[in-house]
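Novice: The numbers in UniProt numbering rise by one with no breaks, and the one at position 153 of the sequence shown is 153. Can you keep this structure in mind? I'll have questions shortly.
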Amino acid sequence: MARKVLVMGEVRDGSLRNVSFEAVAAAKTIAEGGEVVGLLVGDSVASFANELIHYGADRVVTVENDKLKSYTSDGYAQAFSAVYAEEKPEGIVFGHTALGKDLSPKLAAKLEAGLVSDVTALDVEGGNVIFTRPIYSGKAFEKKIATDGILFATVRPNNIATLEKDESRSGDVSSITVDVKDLRTIIQDVVRKTAEGVDLSEAKVIIAGGRGVKSEEGFKPLKELADVLGGAVGASRGACDAEYCDYSLQIGQTGKVVTPDLYIACGISGAIQHLAGMSNSKIIVAINKDPEASIFKVADYGIVGDLFEVLPLLTEEFKKLKVHS
Numbered sequence: 001m002a003r004k005v006l007v008m009g010e011v012r013d014g015s016l017r018n019v020s021f022e023a024v025a026a027a028k029t030i031a032e033g034g035e036v037v038g039l040l041v042g043d044s045v046a047s048f049a050n051e052l053i054h055y056g057a058d059r060v061v062t063v064e065n066d067k068l069k070s071y072t073s074d075g076y077a078q079a080f081s082a083v084y085a086e087e088k089p090e091g092i093v094f095g096h097t098a099l100g101k102d103l104s105p106k107l108a109a110k111l112e113a114g115l116v117s118d119v120t121a122l123d124v125e126g127g128n129v130i131f132t133r134p135i136y137s138g139k140a141f142e143k144k145i146a147t148d149g150i151l152f153a154t155v156r157p158n159n160i161a162t163l164e165k166d167e168s169r170s171g172d173v174s175s176i177t178v179d180v181k182d183l184r185t186i187i188q189d190v191v192r193k194t195a196e197g198v199d200l201s202e203a204k205v206i207i208a209g210g211r212g213v214k215s216e217e218g219f220k221p222l223k224e225l226a227d228v229l230g231g232a233v234g235a236s237r238g239a240c241d242a243e244y245c246d247y248s249l250q251i252g253q254t255g256k257v258v259t260p261d262l263y264i265a266c267g268i269s270g271a272i273q274h275l276a277g278m279s280n281s282k283i284i285v286a287i288n289k290d291p292e293a294s295i296f297k298v299a300d301y302g303i304v305g306d307l308f309e310v311l312p313l314l315t316e317e318f319k320k321l322k323v324h325s
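Here it is, written out as structure tokens:
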């Protein structure tokens, strides 16, 4: 059953977030040969339209307005509603990001559509779309079958494989003018409180530290390894509570949920709250002096040893391999 699917692309810090391309790939599956329409909202986003097309969108609609420079749920909802009324898609896909998690439930309720959130895989059987998503803090997965109505989903970053970029692809880029009004929130300024380097939610490699790091200075070898591997540094809540690092690095039930290709846990005991945020990583390596640490139960590879001795050795070996340039 061919469907028209609308995909929300996200522009941040002057570039399209990778999850936008993953959402396009998911939309392609849902569309079953139908049209995939990209949507870009902001004050100056038209220049990113062709990149969405190169990754699989058939065409792109933009909504530009000075009042949309910073995200607000009511402003973006007005933009989306105008595009929805024009396009009338049968499917809608967002990234499972801060924006997607905030905006998609509001829109789904307005459209009286069911929302399948945090999708990690999807397939089509007999014309029905089957969504896979984690439940019970990632301990199990459920499959949801959408048979009718508007198919509305958010996809978890770093789970859906992007389509191969094809710069020869072309498509129509159009714009819709929206009179954004009655904003309940006016953004005066945006101050980012985030760690330097790679975005945790989209990182392919994460080096995470727990209380075993012992101090703020103790994160230095983690950062060095992350730099060599082109990855990001994360932390357990324990490390954040101990003020070894900023809470923007926190991974777990009350922090970020990540699914990198490689997750190296350093001095992390493996509390269930932390596992909820990283247990679906493709490869997990645990480094801990305690051989009975719970983290080893979910690790693919374990190293019983002092992280301050192990990490420098790993860093030197990876440098020799020149794994990241």
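We treat Cβ as the ideally placed atom computed from N, Cα and C, and that holds for glycine.
(1) Serine 325 to leucine 225, Cα distance in whole Å?
(2) In the DSSP assignment, find the unbroken beta strand (DSSP E) run with isoleucine 150 in it and report its ends.
(3) Any chance the stretch 291-301 sits against the stretch 312-319, with 3 or more Cβ pairs inside 8 angstroms?
(4) Is the stretch 225-244 touching the stretch 131-142, taking contact as three or more C-beta pairs under 8 angstroms?
(5) The alpha helix (DSSP H) spanning glycine 209 covers which residue range?
(6) Helix, strand or coil for methionine 8? Go by DSSP, reduced to three states.
(7) Among the residues of its own chain, which have a CB less than 7 angstroms from the CB of threonine 72, if the five just before and after it don't count?
(8) Whole angstroms is fine: what's the gap from alanine 140's alpha carbon to serine 174's?
(9) Report the CB separation of valine 155 from glycine 95 in whole angstroms; it is logged as a contact under 8 angstroms.
(10) Reducing DSSP to helix, strand and coil, say where glutamine 250 ends up.
(11) Among all the DSSP beta bridges, which residues are the ones paired with isoleucine 135?
(12) Give the DSSP-derived three-state secondary structure of serine 117 in the structure shown.
(13) Distance, Cα to Cα, lysine 110 vs alanine 153?
(14) Between the Cα of valine 36 and the Cα atoms of Ala26, Ser44, Val45 and Asp43, which residue gives the shortest distance?
(15) For lysine 4 and glycine 34, I'd like the C-alpha separation in whole angstroms.
(16) Using the Cβ count rule (16 or more neighbours within 10 Å means buried), how would you classify asparagine 158?
(17) Do you know whose CA, among Ile53, Ser281, Val257 and Val228, lies nearest lysine 320's CA?
(18) Along the chain, where does the beta strand (DSSP E) that runs through serine 20 open and close?
(19) Residues in the same chain with beta-carbon distance under 8 angstroms from lysine 106, minus the five sequence neighbours each way, listed in chain order, please.
(20) Buried or exposed: lysine 297, going by 16 or more other Cβ atoms within 10 Å of its Cβ?
(21) Which term fits glutamate 317, buried or exposed, when burial requires 16 or more other beta carbons within 10 angstroms of its beta carbon?
(22) Can you tell me whether DSSP reads isoleucine 287 as helix, strand or coil?
(23) What would DSSP say about arginine 59, mapped onto helix, strand or coil?
(24) Just how far apart, CA to CA, sit glutamate 167 and lysine 143?
(25) Note down, in chain order, each residue of its chain lying with its Cβ closer than 7 angstroms to the Cβ of aspartate 43, except the 5 sequence neighbours on either side.
(26) Using 10 angstroms around the beta-carbon of glycine 38, count the other beta-carbons present and answer buried if the total reaches 16, otherwise exposed.
Specialist: By the coordinates alone:
(1) With a pLDDT of only 49 at serine 325, under the threshold of 50, the placement of this residue in the model should not be trusted; the figure read from the coordinates follows. Linking serine 325 to leucine 225 through their CA atoms gives a straight-line distance of about 13 angstroms.
(2) Element bounds for isoleucine 150: n/a, residue is neither H nor E.
(3) Segments in contact, no.
(4) Short answer: they don't touch.
(5) Unbroken run through glycine 209 is the beta strand (DSSP E), 205-209; no alpha helix (DSSP H).
(6) Secondary structure at methionine 8: strand, using DSSP grouped into helix, strand and coil.
(7) Correct list, in chain order: Leu183, Thr185 and Ile187.
(8) Each residue's alpha carbon lies about 42 angstroms from the other.
(9) About 6 angstroms separates the beta carbon of valine 155 from that of glycine 95, a gap short enough to meet the 8 angstroms contact definition.
(10) Residue state, collapsed to three classes: strand.
(11) Bridge partners of isoleucine 135: Ala140.
(12) In this structure, serine 117 counts as strand in the three-state DSSP scheme.
(13) Whole-angstrom Cα-Cα distance: 15 angstroms.
(14) Closest by alpha carbon: Ala26.
(15) So the two alpha carbons sit approximately 5 angstroms from each other.
(16) Buried, since its Cβ has 16 or more Cβ neighbours within 10 Å.
(17) Taking lysine 320 as reference, the option from Ile53, Ser281, Val257 and Val228 with the minimal CA-CA separation is Val228.
(18) In this chain, serine 20 is not harboured by any beta strand (DSSP E); it is covered by the alpha helix (DSSP H) spanning 18-31.
(19) Taken in chain order, the residues that qualify are Ser73 and Ala77.
(20) Answer is exposed; the Cβ neighbour count stays below 16.
(21) Burial call: exposed.
(22) If DSSP states are grouped into helix, strand and coil, isoleucine 287 belongs with the strands.
(23) Arginine 59 sits in a strand when the DSSP states are folded into three classes.
(24) So the alpha carbons of these two residues sit roughly 35 angstroms apart.
(25) Cβ within range, chain order: Glu64, Asn65, Asp66, Leu68 and Lys69.
(26) So glycine 38 ends up on the buried side.
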